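Q:
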Amino acid sequence: MVEVSLSCVIVGAAESVFDVKIDDGKKVSQLKKAIKTENPKTIKVEAHKLQLFLAKKDKAWLDWPGAVAVTLNGKGYPEGFEEMDPMLFIKNPNNFGANFQPGEGEVHVLVVVPKDAPMPGDKRKREDPPDYWIQAIGETEVEVLPSSKDLKENLERELPVKIPLGIRLFQIVTARNSTGKLSSVFRKTFESEPSETRSDVTASIAKVVIDPSMPRNASTTKSYIRFWDTLIVDVLDSVSSGGYYLRYTNHSASTGEYMYRPNLCYYFNGGEMCVFRGEEEARGNLSVPIRELHSKLTWKYDNAPYILGYAAVGFRVCLVAIMKDEEKNCAKADVIETYDLSSLKGRITFFLAILNLSTLLRPIANLVHSLGRTEYEILSRANGVQIEFGDDAVTKRYPPDMPSDNIIRKLKMLHTRMKKNSVPNVVELKTTNMKKKHVVLMPIGLPSKPVNVRELLTALRDVLEALAAMHALNLMHRDLRWENVLKYPNEDKWFLIDFDEGGVSPAAAEVNHLKAESHAPEISSSHTIKVDIWSVGLLLKTSCIHDLPPELEKMKTECLQVNPTERPTANSLLETIQSLLKK
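Here the sequence shown is numbered in this note's numbering, starting from 30 and rising by one per residue.
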């Protein structure tokens, strides 16, 4: 990020020229805060209510006299100037660009301070769009995450802009508030008077909180799902741009103890990591779904102090903070608060908590490193095979038209022999199910192609250690590509996956469906373990390292020999790699 100095003028205040210094990697919403900080006496409204416009006319920046002459039209906007999107970075091409250099005498930002804008705690200004409360929540910047002990108070925060209610919903609240027990949380969330101006979006969200369709015959988890979704993920979707969720309702006993996925995963702003998750039951004790949230979880969220989740049993829902248990080297969950969604007060309190929780998801997501894939995702391959990612295991499901019985039998044979003979650096087969046509494998690796020579040598060492042990048993992989070489999480080690094409050497022409360009020339005819050696050459050829050391260039040429008998052995290649690693 580069610090830039922007000259600003408040429209209608002739003596208001001032400079603001800000990193160009920050958002326009943060520029608003910097402008308010620079002018606390002049600007009395909340920072997010400011409107910023590029002080540019005919592609040229205004000078001070030009900026002072700008007036507002009847709608309160400076005519002919482009408003700056609060969600874009300062350096975005639509704003100032990455190489902006301010010139002498230039004015860069026109600041519009809304007239009669509400002070904190007052109702939304009537001229604001009815969905302005959504924008205000989306623009809320959390610089430092609250501690887990402070989360309850944080989720009870008053909204920066209150939500307008139509007359009917307002009357429902009034009728049920005869004792005044709703007043406190209502004032934090909604406008204090009914509004005639409201959007369909705001009206539909408010309805599910105040006048929802309650589950009927609620004896199963499925009967509650829509109710939970309208109060949780639908609300998050309304205020979190680009967020999406995946729901898993079919926990299967057939995958054994290895495959765990939450009932619901929410991915913030198009991210890959599940920073908010849920476990649900129709009946029973809340302790059961709370335990599910953490007991089978492998902690992989780096510097985040916690991730967030909910546990639901019928109408009882609690929000929880899930964090690493340093003493037991696993995860634990602390309950933040429990809510009764069968009551109006419980739903409004929970609604306020979810809105405030949404502002914490971005900073949590920013602290979590990518896995190179979407956590808990389901992938469908071109051949119909489905790959389901659990917490630390993968389920591979075969389609009905594939000879899965033969594939599973072969996998069991290969993995049994490899395990018995301690073949290193290979994925482990945990369970199989012929009837349901799937296998479960561990661990989940990272698709992390080596990025430098040292990493390449290390990966080749690990691959060749596996091949040397396999070839001693006359076993071959036959589909060795970087897609099937994964990195162990948190380790500088790689391992082989996907033994579906594996076999015993020598073999007849039984794999003619493999692509010729990425497999040894003899793969579609009789072949031996030498097909794996050719594939080692392919790994070198398709690596990210463009200028290979001479020793590796020579190795690549030797491995890619057309005649299998002229290719080296896995043991001789391993010796060469080990010697290079010692240099």
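Just so you know, even glycine gets a beta-carbon here, dropped at the ideal spot from N, CA and C.
From a predicted model like this one, the values you see are computed outputs, not experimental measurements.
Out of Arg376, Val565 and Ser409, which has the shortest C-alpha to C-alpha gap to Leu581?
A: Numbered from its first residue, the sequence shown carries residue 581 at position 552. Per the Cα distances, Val565.
Q: Considering only the beta carbon of each residue, do Lys439 and Gly532 sit closer than 9 Å?
A: As a first step, residue 439 is located in the sequence shown; it is residue number 410 there, counting from the start. As a first step, residue 532 is located in the sequence shown; it is residue number 503 there, counting from the start. For Lys439 and Gly532, yes; Cβs fall inside 9 Å.
Q: When you compare the CB positions of Leu370 and Val346, do they come within less than 9 Å of one another, or not?
A: To locate residue 370, count along the sequence shown from 1; it is residue 341. To locate residue 346, count along the sequence shown from 1; it is residue 317. Cβ distance < 9 Å, so Leu370 and Val346 count as in contact.
Q: Buried or exposed: where does Ser58 fall if 16 or more other Cβ atoms within 10 Å of its Cβ makes it buried?
A: Within the sequence shown, the letter at position 29 stands for residue 58. It counts as buried.
Q: Taking a contact to mean a Cβ-Cβ separation below 9 Å, would you say Leu525 touches Ala495 in this structure?
A: Counting from one through the sequence shown, the residue named residue 525 turns up at place 496. Counting from one through the sequence shown, the residue named residue 495 turns up at place 466. Yes, these two residues count as a Cβ contact at 9 Å.
Q: On the criterion of 16 or more Cβ atoms from any shown chain inside 10 Å, does Ala98 qualify as buried, or is it exposed?
A: The residue given as residue 98 occupies position 69 in the sequence shown. Counting Cβ neighbours within 10 Å, Ala98 comes out exposed, since fewer than 16 surround it.
Q: What residues match up with Lys178 in a beta bridge as DSSP calls it?
A: Here the question's residue 178 lines up with position 149 in the sequence shown. Bridge partners of Lys178: none, in fact.
Q: If Met471 sits next to Glu457, beta carbons under 8 Å apart, how far is it from one beta carbon to the other, in whole angstroms?
A: As a first step, residue 471 is located in the sequence shown; it is residue number 442 there, counting from the start. As a first step, residue 457 is located in the sequence shown; it is residue number 428 there, counting from the start. That pair is a contact at about 5 Å.
Q: I'd like to know whether the C-beta atoms of Leu475 and Arg507 end up nearer to each other than 9 Å.
A: The residue given as residue 475 occupies position 446 in the sequence shown. The residue given as residue 507 occupies position 478 in the sequence shown. The answer is no: Cβ separation not under 9 Å.
Q: Please determine if the region 162-174 and the region 183-196 are in contact, where contact requires at least 3 C-beta pairs separated by less than 8 Å.
A: The answer is yes - the region 183-196 touches the region 162-174, with three or more Cβ pairs under 8 Å.
Q: Hey, quick one: how far does the beta strand (DSSP E) through Asn462 stretch, first residue to last?
A: By 1-based counting over the sequence shown, the position of residue 462 is 433. First-last of the beta strand (DSSP E) with Asn462: Glu457 to Asn462.
Q: Is it the case that the Cβ atoms of Leu509 and Leu603 are separated by a distance below 9 Å?
A: Within the sequence shown, residue 509 is the residue found at index 480, counting from 1. Within the sequence shown, residue 603 is the residue found at index 574, counting from 1. Not in contact: Leu509 and Leu603 (Cβ atoms no closer than 9 Å).
Q: Which class does Thr605 belong to by DSSP, given the choice of helix, strand or coil?
A: Residue numbering aside, residue 605 sits at position 576 when the sequence shown is read from its first letter. Looking at Thr605 - three-state DSSP - the assignment turns out to be helix.
Q: Tell me, which residues are paired with Gly532 by DSSP?
A: In the sequence shown, the residue the question calls residue 532 occupies position 503. Paired residues: Met505.
Q: Taking Thr388 and Ile192 to be in contact with their CB atoms under 8 Å, please state how far apart those CB atoms are, rounded to whole angstroms.
A: Numbered from 1 along the sequence shown, position 359 holds the residue referred to as residue 388. Numbered from 1 along the sequence shown, position 163 holds the residue referred to as residue 192. Incorrect: roughly 15 Å between the Cβ atoms, too far for contact.
Q: Quick check on this structure: which residue in Pro578, Gly300, Asn395 and Gly343 has the alpha carbon closest to the alpha carbon of Leu486?
A: Along the sequence shown, one-based indexing puts residue 486 at 457. With distances taken between Cα atoms, Leu486 lies closest to Pro578.
Q: Where DSSP assigns a beta bridge to Arg376, which residues make up the other side?
A: The sequence position of residue 376 within the sequence shown is 347, counting from 1. According to DSSP, which records beta bridges pairwise, Arg376 is partnered with nothing at all.
Q: Kindly list the residues whose CB is nearer than 8 Å to the CB of Asn412, restricted to its own chain and excluding five residues on each side of it in sequence; keep chain order.
A: Residue numbering aside, residue 412 sits at position 383 when the sequence shown is read from its first letter. Here the set comprises Pro428 and Met431.
Q: Based on DSSP bridge pairs, tell me the residues matched to Trp523.
A: Indexing the sequence shown from 1 puts residue 523 at position 494. Note: Trp523 sits in a beta bridge opposite Lys516.
Q: Mind pulling the alpha helix (DSSP H) runs of 4 or more residues that sit fully within the region 545-574?
A: Segments of the alpha helix (DSSP H) lying fully in the region 545-574: 559-570.
Q: Helix, strand or coil for Arg345, going by three-state DSSP, please let me know.
A: By 1-based counting over the sequence shown, the position of residue 345 is 316. Strand, per DSSP.
Q: Between Ile562, Ile407 and Lys61, which has its C-alpha nearest Ile51's C-alpha?
A: On the sequence shown, residue 51 is found 22 positions in, with the first residue counted as 1. Among Ile562, Ile407 and Lys61, the Cα nearest to that of Ile51 is on Lys61.
Q: So Glu222 and Glu301 are supposed to be a Cβ contact under 8 Å. How far apart are they, rounded?
A: Residue numbering aside, residue 222 sits at position 193 when the sequence shown is read from its first letter. Residue numbering aside, residue 301 sits at position 272 when the sequence shown is read from its first letter. Actually they do not touch by this definition, with Cβ atoms about 43 Å apart.
Q: Determine whether the beta carbon atoms of Asp240 and Ile201 lie at a separation below 9 Å.
A: Taking the first residue of the sequence shown as position 1, residue 240 is located at position 211. Taking the first residue of the sequence shown as position 1, residue 201 is located at position 172. Cβ atoms of Asp240 and Ile201: closer than 9 Å.
Q: Just to check my reading of the structure: Glu309 and Tyr253 have Cβ atoms closer than 8 Å, yes? What is that Cβ distance to the nearest angstrom?
A: As a position in the sequence shown, residue 309 is number 280, starting the count at 1. As a position in the sequence shown, residue 253 is number 224, starting the count at 1. With 8 Å as the limit, Glu309 and Tyr253 qualify as a contact, their Cβ atoms being about 7 Å apart.
Q: Roughly how many angstroms lie between the CA atoms of Ala545 and Leu589, to the nearest whole one?
A: In the sequence shown, counting from the first residue as 1, residue 545 sits at position 516. In the sequence shown, counting from the first residue as 1, residue 589 sits at position 560. Cα to Cα, the separation comes out at about 13 Å.
Q: So, with DSSP's three-state summary, where would you put Lys361?
A: By one-based count along the sequence shown, residue 361 stands at place 332. Lys361: strand per DSSP, three-state reduction.
Q: Take Leu275 as the anchor and find which of Glu417, Arg596, Trp523 and Lys611 has the nearest alpha-carbon.
A: Numbered from 1 along the sequence shown, position 246 holds the residue referred to as residue 275. Cα-wise, what sits closest to Leu275 is Glu417.
Q: Between Val40 and Pro107, is the Cβ-Cβ spacing less than 9 Å?
A: By 1-based counting over the sequence shown, the position of residue 40 is 11. By 1-based counting over the sequence shown, the position of residue 107 is 78. It is a contact, given that the beta carbons lie within the stated cut-off.
Q: Classify Ser233: buried if its beta carbon has 16 or more other beta carbons within 10 angstroms, exposed otherwise.
A: Mapped onto the sequence shown, residue 233 falls at position 204. The residue is exposed, with fewer than 16 neighbouring Cβ atoms inside 10 Å.
Q: Mind reading off the beta-carbon distance from Glu112 to Gln80? Whole number of angstroms is fine, and I expect it under 8 Å.
A: Along the sequence shown, one-based indexing puts residue 112 at 83. Along the sequence shown, one-based indexing puts residue 80 at 51. Yes, Glu112 and Gln80 are in contact; Cβ-Cβ is about 6 Å, under 8 Å.
Q: Using CA atoms only, rank isn't needed, just tell me which of Cys359, Arg391, Pro392 and Ile336 is closest to Ile365.
A: The sequence position of residue 365 within the sequence shown is 336, counting from 1. Of the candidates Cys359, Arg391, Pro392 and Ile336, the one whose C-alpha sits nearest the C-alpha of Ile365 is Ile336.
Q: Between the C-alpha atoms of Ile473 and Leu211, what's the straight-line distance to the nearest angstrom?
A: By 1-based counting over the sequence shown, the position of residue 473 is 444. By 1-based counting over the sequence shown, the position of residue 211 is 182. Going by the C-alpha atoms only, they are around 48 Å apart.
Q: Output yes or no for whether 9 Å exceeds the beta carbon distance between Lys56 and Leu101.
A: Start at 1 with the first residue of the sequence shown, and residue 56 comes out as number 27. Start at 1 with the first residue of the sequence shown, and residue 101 comes out as number 72. No, the pair does not count as a contact, with Cβ atoms beyond the cut-off.
Q: As a quick exercise: from Phe125, Ser248, Lys73 and Ala89, pick the residue whose alpha carbon is nearest that of Gly134.
A: Position 105 of the sequence shown, counted from the start, is the residue given in the question as residue 134. Checking every option, the nearest Cα to that of Gly134 belongs to Ala89.
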